[in-house]
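Trainee: Sequence order for the protein chains is F and S. Residue 29 in the numbering used here sits at position 29 of the first sequence, and the numbers go up by one each step. Counting the second sequence from 1 gives a position; the numbering used here is that position plus 1000. Positions of the beta carbon are idealized from the N, C-alpha and C atoms, including for glycine. Being a predicted model, the structure only gives us computed values, none of them experimental. Below is a structure I'd like to ask you about.
Protein chains: 2
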Amino acid sequence: MAKNVTLKDVARRADVSYQTVSKVIRNQIQVTPEVRARIESAIAELDYHPNSAAQNLRTQSSHLIGYSWQPDGQNHSSPVLEQFQHSIVECAEDFGYHILLFPQRANRNLDSIYEELVHTRRVDGFILSSIEYNDPRAPIIQRLNVPVVSFGRSFDDMDTPYVDVDGRTGMATAVRHVIEQGHQRIAILGWPDTSASGTDRLAGYWDAMAEAELPIDPKWIVRGKGEIDYGYEATHQLLDLPEKRRPTAIVTVLDTIAIGVIQAVEACGLEVGREVAVTGFDDMPVAQHMRPGLTTIRQPVWDVGKAVINMLITFLSGEQPAARQILLAPELVVRESSLGSAQEYRA
Amino acid sequence: MAKNVTLKDVARRADVSYQTVSKVIRNQIQVTPEVRARIESAIAELDYHPNSAAQNLRTQSSHLIGYSWQPDGQNHSSPVLEQFQHSIVECAEDFGYHILLFPQRANRNLDSIYEELVHTRRVDGFILSSIEYNDPRAPIIQRLNVPVVSFGRSFDDMDTPYVDVDGRTGMATAVRHVIEQGHQRIAILGWPDTSASGTDRLAGYWDAMAEAELPIDPKWIVRGKGEIDYGYEATHQLLDLPEKRRPTAIVTVLDTIAIGVIQAVEACGLEVGREVAVTGFDDMPVAQHMRPGLTTIRQPVWDVGKAVINMLITFLSGEQPAARQILLAPELVVRESSLGSAQEYRA
DNA sequence: GCGAGTTAGGCGAACGTTCGCCTATAATGC
DNA sequence: GCATTATAGGCGAACGTTCGCCTAACTCGC
């Protein structure tokens, strides 16, 4: 590696003091056009790039943002988180920040990890995802006086800054949609009540059912874990109900659960769409390519990432954002799995 | 934010010089047990953490590794890359390194991005994934005299260090497996010949077919783009062949392509497994949960990540690794989609 | 033509480490 | 008991910036 080119090298060549070069680069000072030109050409000729370690030391900031996510132990992949990560990386870059990764390792003392990162000044702020009830991370970080913004809410009374998608409204939209398709007996496959977003989405189901004044059979509300197999098994249970209580529509909190539902519906010899409407959540890539196409709720993930970064950058510049808690509306994507004319997708 | 605790603060409290504290922390010096104890308790009492910006400046290294990947524009998710990323993050952490993200942005001048990162001393080395033929990234980085290790090969004559999975052998294993199940007319759904890994995997198909002395109908070799829909449509074409030429087994280069295959096979009223064997590639989460379960080739992704990090760390410590190019063997995972007794999975 | 205000740019100091060299004291050999 | 070596720990310097203050020169009004 060639020797480092420093401010002093540039200064020598441009025949000014190195501090002047520094200021000129950052437009902190007025100089004659002639001097500026000399400096600029010296920079170009020497291929000078400021050393970020020195900048960090001096300015006491790293221009790095830590991103903590919960890697899924079950080897499930998460397109939403994948896209979220992508969005924060690109948006942060536009502000001159980079994203530093560190997963939530199960067997580690949380406090010490964050303290370490903060005290060693490796990162200027944090972004969290996979937030759950009583998530300890945000409070820990806030106690360290470091800005943090999360994707998702913990639904506690803390005022941790977050950006989230309004799952409740999203689910209500899905339910309203199947009601419009003429369904009345509607079941929901949700997540256990330990899941914050699961509970939120379930609330949307209640909202829409109440609004339409439809009765709810307790059997229609299933809260379980898993993905395809969970959907498959739960659906068998639902379809085993006596005919009068058997749901004609099944909404779910995740696309992959809906895949299991569809498989079970087809295994029972029923037609997805016409006989049993099915909806998913997240609009995973698979949703638009499967047959039948899956009606689902698309989260504005890119916008979430953008909003998270904007809020964090605001904090980092010492200001207060207009809103500390932002809720974005998801969008209903209608495909064949919830429509009556199910023939369409049969090749 | 409380004032920074520095070496000097610790030194003052332990009544030694601050340089001594530094050396004691890094075990660069012998001190009496008594002095060591004084220093250690001072560190604990003051909650001292070394400032990494200062360390970086002094040591001319950032303990950061840049990771460049190709975010999939088509909004396809990639469980393999997701897991790879996770593995390098954790393995790097064990060596005191962190991972810095930067996606391949289409409309950017590559050279300048990498130069920027290197010259500003933001990263000490690079990891690349999604390598293709004539991938420009590794050469650019190597020209900057910075260590780089990639996940995947470009199959050129450069000796860029890499760790890759032996897709050729993997595909051959899959083909041998279906041959053992009694199949003779075997088709492959591959990727276009611009895809390096696609071509590699196709070679494995030829290997196994030649080995078994089975004739190959040119129509059986399909090279296309896409996932579920590609598999679906290509399969329809294959099944439309006259009966004598119609394949009874279809191997693919990706699980999601296989999903499309299975849907098409079922749509044609054929039974997956007994009548048409299907295999995927990657062992995505969905493969084990779908019905029928998908026979597939599992890549040892975690091991790849570990090997990549180990190699890069070796380079970073100025040594040469035992091997600059490592090929890991994938593993056949047999499920119902390639087995005759397809009844099993029908609930 | 002189004092006041403005401007270009210089200069010392500091951010918190690590590194290499130096010195004082203790231990050892004879 | 004196010269010699080993050892604990001190000290100055440097890494490459940014920041604030300072000064010299130039502008302008009268």
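From the DSSP output, in three-state form, read off alanine 1053/S for me.
Mentor: What you label residue 1053/S is simply residue 53 of the second sequence in a count that begins at 1. In this structure, alanine 1053/S counts as helix in the three-state DSSP scheme.
Trainee: Figure out for me which residue from Leu144/F, Leu202/F and Pro161/F has the closest Cα to the Cα of arginine 223/F.
Mentor: Locating residue 223/F in the first sequence gives position 223, counting from the first residue. Of Leu144/F, Leu202/F and Pro161/F, the residue nearest in Cα terms is Leu202/F.
Trainee: Note down the Cα distance separating tyrosine 48/F from threonine 6/F, rounded to an integer number of angstroms.
Mentor: Sequence index remark: in the first sequence, residue 48/F carries index 48 (1-based). Sequence index remark: in the first sequence, residue 6/F carries index 6 (1-based). Each residue's Cα considered, the two are about 7 Å apart.
Trainee: The alpha helix (DSSP H) that contains phenylalanine 1084/S, what's its start and end?
Mentor: One-based indexing of the second sequence puts residue 1084/S at position 84. 1079–1094 is the span of the alpha helix (DSSP H), which, as asked, contains phenylalanine 1084/S.
Trainee: Taking DSSP as the reference, what is the three-state secondary structure of tyrosine 230/F?
Mentor: By 1-based counting over the first sequence, the position of residue 230/F is 230. Of the three classes helix, strand and coil, the one that applies to tyrosine 230/F here is helix, per DSSP.
Trainee: Comparing the C-beta of leucine 7/F with each C-beta of chain S, is any distance below 8 Å?
Mentor: Residue numbering aside, residue 7/F sits at position 7 when the first sequence is read from its first letter. No, its Cβ sits nowhere closer than 8 Å to a Cβ of chain S.
Trainee: Can you list, in chain order, the residues of its chain whose CB lies under 6 Å from that of isoleucine 1326/S, leaving out five sequence neighbours each side?
Mentor: Taking the first residue of the second sequence as 1, we reach residue 1326/S at position 326. So the qualifying residues of the chain are Val1163 and Ala1307.
Trainee: Give me the chain S residues within the contact set of valine 16/F, using Cβ-Cβ distance strictly less than 7 Å, ordered along the chain.
Mentor: Taking the first residue of the first sequence as 1, we reach residue 16/F at position 16. Neighbours of valine 16/F on chain S: none; closest Cβ ~22 Å, over 7 Å.
Trainee: Flag glycine 1234/S as yes if its beta-carbon sits less than 8 Å from any beta-carbon of chain F, otherwise no.
Mentor: Taking the first residue of the second sequence as 1, we reach residue 1234/S at position 234. Note on identity: in this sequence residue 1234/S is alanine, with glycine being the wrong assignment. No, alanine 1234/S lies away from the interface with chain F (no Cβ there is under 8 Å from its Cβ).
Trainee: For arginine 13/F and phenylalanine 155/F, what's the separation of their Cα atoms in angstroms?
Mentor: Your numbering for residue 13/F matches position 13 in the first sequence. Your numbering for residue 155/F matches position 155 in the first sequence. Using only the alpha carbons, I get a separation of about 59 Å.
Trainee: In chain order, what residues of the same chain lie with their CB nearer than 7 Å to the CB of valine 35/F, ignoring the 5 residues before and after it?
Mentor: If you number the first sequence from 1, residue 35/F lands on position 35. Only Val16 meet the Cβ criterion.
Trainee: Are the CB atoms of glutamate 1227/S and histidine 289/F within a distance shorter than 8 Å?
Mentor: In the first sequence, counting from the first residue as 1, residue 289/F sits at position 289. In the second sequence, counting from the first residue as 1, residue 1227/S sits at position 227. It is a contact, given that the beta carbons lie within the stated cut-off.
Trainee: Short check: CB of alanine 174/F to CB of threonine 279/F, under 8 Å?
Mentor: Taking the first residue of the first sequence as 1, we reach residue 174/F at position 174. Taking the first residue of the first sequence as 1, we reach residue 279/F at position 279. Less than 8 Å separates the beta-carbon of alanine 174/F from that of threonine 279/F.
Trainee: With which residues is valine 148/F paired in a DSSP beta bridge?
Mentor: The residue labelled residue 148/F in the question sits at position 148 within the first sequence. Phe126/F.
Trainee: Any beta carbon from chain S within less than 8 Å of isoleucine 257/F's own beta carbon?
Mentor: Against the first sequence, residue 257/F aligns to sequence position 257. It does not: the Cβ of isoleucine 257/F has no partner Cβ on chain S nearer than 8 Å.
Trainee: For isoleucine 1140/S, collect the residues of the same chain with a Cβ closer than 7 Å to its Cβ; drop the 5 residues on either side in sequence, then sort them by chain order.
Mentor: What you label residue 1140/S is simply residue 140 of the second sequence in a count that begins at 1. So the qualifying residues of the chain are Leu1110, Asp1111 and Tyr1114.
Trainee: Evaluate contact between the region 166–173 of chain F and the region 131–139 of chain F, counting only Cβ atoms and requiring at least three cross-stretch pairs below 8 Å.
Mentor: no
Trainee: Checking contacts by CB at 8 Å: is arginine 1274/S closer than that to chain F?
Mentor: As a working note, residue 1274/S is residue 274 in the second sequence. It does not; no Cβ of chain F falls within 8 Å.
Trainee: Does the structure place the region 54–63 of chain F close enough to the region 1041–1061 of chain S that three or more beta carbon pairs sit under 8 Å?
Mentor: yes
Trainee: Suppose only complete runs of 3+ residues qualify. What are the beta strand (DSSP E) ranges in the region 257–286 of chain F, listed by chain order?
Mentor: Within the region 257–286 of chain F, complete beta strand (DSSP E) segments of at least 3 residues are found at 277–279, given in chain order.
Trainee: Taking C-beta pairs closer than 7 Å, name the residues in chain F that serine 1052/S reaches, listed in chain order.
Mentor: Reading the second sequence from its first residue, position 52 is the one you call residue 1052/S. What serine 1052/S touches in chain F: Thr120, Arg121 and Arg122.
Trainee: Measuring only the C-alpha atoms, how far is leucine 270/F from valine 276/F?
Mentor: Working through the first sequence from its first residue, we reach residue 270/F at position 270. Working through the first sequence from its first residue, we reach residue 276/F at position 276. Those two C-alpha atoms are separated by around 7 Å.
Trainee: Determine, using beta carbons only, whether asparagine 310/F comes closer than 8 Å to chain S.
Mentor: Walking along the first sequence from the start, residue 310/F turns up at place 310. Closer than 8 Å: no.
Trainee: Just to make sure I have the definition right: I need the residues of chain F whose C-beta is within less than 8 Å of the C-beta of glutamate 1331/S. Which are they?
Mentor: Position 331 of the second sequence, counting from 1, holds the residue named residue 1331/S. Neighbours of glutamate 1331/S on chain F: none; closest Cβ ~14 Å, over 8 Å.
Trainee: Are the region 1297–1307 of chain S and the region 1327–1336 of chain S in contact at 8 Å, needing three or more beta carbon pairs?
Mentor: yes
Trainee: If you draw a straight line from the alpha carbon of glutamine 55/F to that of isoleucine 25/F, how long is it in whole angstroms?
Mentor: Numbered from its first residue, the first sequence carries residue 55/F at position 55. Numbered from its first residue, the first sequence carries residue 25/F at position 25. Spanning the two alpha carbons is a distance of roughly 13 Å.
Trainee: Can you tell me which of Thr295/F, Ser22/F and Ile179/F puts its alpha carbon nearest to the alpha carbon of alanine 212/F?
Mentor: By 1-based counting over the first sequence, the position of residue 212/F is 212. With distances taken between Cα atoms, alanine 212/F lies closest to Ile179/F.
Trainee: Give a yes or no on whether the minimum CB-CB distance between glutamate 1344/S and chain F is below 8 Å.
Mentor: Here the question's residue 1344/S lines up with position 344 in the second sequence. Because the pLDDT of glutamate 1344/S is 41, which lies under 50, any placement of that residue in the model is unreliable, and the number read from its coordinates should be weighed accordingly. No, because no Cβ of chain F sits closer than 8 Å to the Cβ of glutamate 1344/S.
Trainee: Please return the same chain residues whose Cβ sits closer than 8 Å to the Cβ of proline 192/F, not counting the five positions on each side in sequence.
Mentor: Walking along the first sequence from the start, residue 192/F turns up at place 192. Taken in chain order, the residues that qualify are Gly198, Arg223, Gly224 and Lys225.
Trainee: Under 7 Å, CB to CB, which of the residues in the region 79–90 of chain F have a partner in chain S?
Mentor: Pro79, Glu82, His86, Val89 and Glu90
Trainee: Comparing C-alpha positions only, which one of Thr1194/S, Ala1196/S and Ile1221/S sits nearest to tryptophan 1206/S?
Mentor: On the second sequence, position 206 is the one that residue 1206/S refers to. For tryptophan 1206/S, the nearest C-alpha among the options comes from Ile1221/S.
Trainee: In the DSSP assignment, find the unbroken alpha helix (DSSP H) run with serine 41/F in it and report its ends.
Mentor: If you number the first sequence from 1, residue 41/F lands on position 41. 33–46 is the extent of the alpha helix (DSSP H) around serine 41/F.
Trainee: Determine, for histidine 1183/S, whether the minimum Cβ-Cβ distance to residues of chain F falls below 8 Å.
Mentor: In the second sequence, the residue the question calls residue 1183/S occupies position 183. Taking Cβ atoms only, chain F never reaches closer than 8 Å to histidine 1183/S, which makes this a no.
Trainee: Quick one: list the residues of chain S neighbouring aspartate 229/F, beta-carbon separation under 8 Å, in chain order.
Mentor: Against the first sequence, residue 229/F aligns to sequence position 229. In chain order: His1289.
Trainee: Can you find a C-beta in chain S that's less than 8 Å from the C-beta of leucine 100/F?
Mentor: Numbered from its first residue, the first sequence carries residue 100/F at position 100. With 8 Å as the cut-off, leucine 100/F counts as an interface residue toward chain S.
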